[in-house]
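Heads up: the structure comes next, in structure tokens.
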Amino acid sequence: MNLYEVSTWVVPVVLAVTLHEAAHGFVAYHLGDDTAWRAGRVSFNPFRHIDPIGTILLPALLLLSGSRFLFGYAKPVPVNFGRLNRPRRDMVWVALAGPGTNILLALVSSLFADRLGLVPAAAAVWLDYNLVNSIVINVVLCVFNMLPLPPLDGGRVAVGLLPDALAFPLARLERYGMLILLLFLFVLPFLGQQTGINLNILGWLIGVPADALYQFVLTITGHD
Numbered sequence: 096m097n098l099y100e101v102s103t104w105v106v107p108v109v110l111a112v113t114l115h116e117a118a119h120g121f122v123a124y125h126l127g128d129d130t131a132w133r134a135g136r137v138s139f140n141p142f143r144h145i146d147p148i149g150t151i152l153l154p155a156l157l158l159l160s161g162s163r164f165l166f167g168y169a170k171p172v173p174v175n176f177g178r179l180n181r182p183r184r185d186m187v188w189v190a191l192a193g194p195g196t197n198i199l200l201a202l203v204s205s206l207f208a209d210r211l212g213l214v215p216a217a218a219a220v221w222l223d224y225n226l227v228n229s230i231v232i233n234v235v236l237c238v239f240n241m242l243p244l245p246p247l248d249g250g251r252v253a254v255g256l257l258p259d260a261l262a263f264p265l266a267r268l269e270r271y272g273m274l275i276l277l278l279f280l281f282v283l284p285f286l287g288q289q290t291g292i293n294l295n296i297l298g299w300l301i302g303v304p305a306d307a308l309y310q311f312v313l314t315i316t317g318h319d
């Protein structure tokens, strides 16, 4: 990936992760919890949401590895679910706010992609790359975050909707959630490479629905 290609990913990635986290805090604030508001995290300022690993190290490693795709995440917004008006129900809305924002960003990006006739040609090409990359990163972030594993948003939604007998054991997985993700992201694919077996399970779990959502976004915004 050369410098020009990097420049077409930076803004989409930063906007996607910043607005995703800000949306969590915004919805939590309006449902009774001002923790994120008091921490200054209900903000469009990306510097308030930077995570050293997710926003800097992970994209840098992908860049150095020659990846054609940049991915990242921001520092999670603090939410005290006990302060929400109706904690069990409102936790679901707070969790859905992030992926919902990513879908909205993907739709807006798709509406403008390849429709920049009034923009000078050179600038239009660069902007189009940004818009297409914005669709991709927002679709991937939405699908990834909706995996039903705490602390991902999908895990929080599942905990809020499932009966107690299933919700409580799932909620207890949150302390191990990141370790499980690291296992699926890095350990299993590495073992698969060593053994010649395709163990990229997370890639399949994300790739199939992400492709479907990507095509859906293009279709409803008028792209053939």
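Using this note's numbering, the letters of the sequence shown correspond one by one to residues 96 to 319. The C-beta atom is built at its ideal place from N, Cα and C for all residues, glycine as well. Fair warning: this is a prediction, and the values are worked out from it, not measured in the lab.
With 16 other Cβ atoms within 10 Å as the buried cut-off, status of residue i
i                 : result
proline 264       : exposed
aspartate 209     : exposed
threonine 290     : exposed
phenylalanine 281 : exposed
leucine 121       : For clarity, residue 121 is phenylalanine in the given sequence; the question names leucine instead. Buried, because 16 or more other Cβ atoms sit within 10 Å of the Cβ of phenylalanine 121.
asparagine 140    : exposed
glycine 302       : exposed
leucine 126       : buried
leucine 274       : exposed
Spatial neighbours of residue i in its chain, beta-carbon cut-off 6 Å, leaving aside the 5 residues before and after
i                 : result
leucine 153       : Gly167
valine 235        : Ala305
proline 182       : Phe176
phenylalanine 207 : Leu226
leucine 268       : Pro245
tyrosine 224      : Thr103
histidine 144     : Thr113, Glu116, Ala169, Lys170
leucine 308       : Val234
arginine 270      : none
Sequence-distant residues of the same chain with beta carbon closer than 7 Å to residue i, five excluded per side
i           : result
serine 205  : Ile230, Val312, Leu313, Thr316, His318
valine 252  : Val187, Ala190, Leu191
alanine 72  : The structure shown does not extend to residue 72, since the chain is modelled only from 96 to 319, so the question has no answer here.
alanine 219 : Leu211
leucine 278 : none
valine 137  : Ala117, Gly120, Phe121, Tyr124, Ala131
alanine 260 : none
CB contact flag (residue i, residue j, <8 Å)
i              : j              : result
leucine 300    : leucine 242    : yes
histidine 119  : alanine 131    : yes
asparagine 320 : aspartate 128  : Any property of residue 320 remains undetermined from this structure, which presents the chain solely from 96 to 319.
valine 214     : leucine 222    : yes
alanine 123    : leucine 179    : yes
asparagine 240 : proline 284    : no
leucine 158    : valine 109     : no
asparagine 295 : tryptophan 104 : no
glycine 272    : glycine 250    : yes
Residue from the options with nearest C-alpha to residue i
i             : options                        : result
threonine 150 : Ala123, Phe121, Glu116, Tyr99  : Glu116
proline 147   : Lys170, Leu276, Leu199, Asn293 : Lys170
proline 246   : Ser138, Val172, Arg136         : Val172
glycine 255   : Arg184, His144, Ala218         : Arg184
threonine 113 : Tyr124, Ser102, Phe142         : Phe142
valine 238    : Arg178, Leu297, Arg136, Ile275 : Leu297
Own chain residues within Cβ distance below 8 Å of residue i, not counting five before or after
i              : result
asparagine 233 : Pro107, Ala111, Asn197, Ile198, Leu200, Ala201, Ser204
asparagine 293 : Gly287
leucine 156    : none
leucine 257    : Leu265
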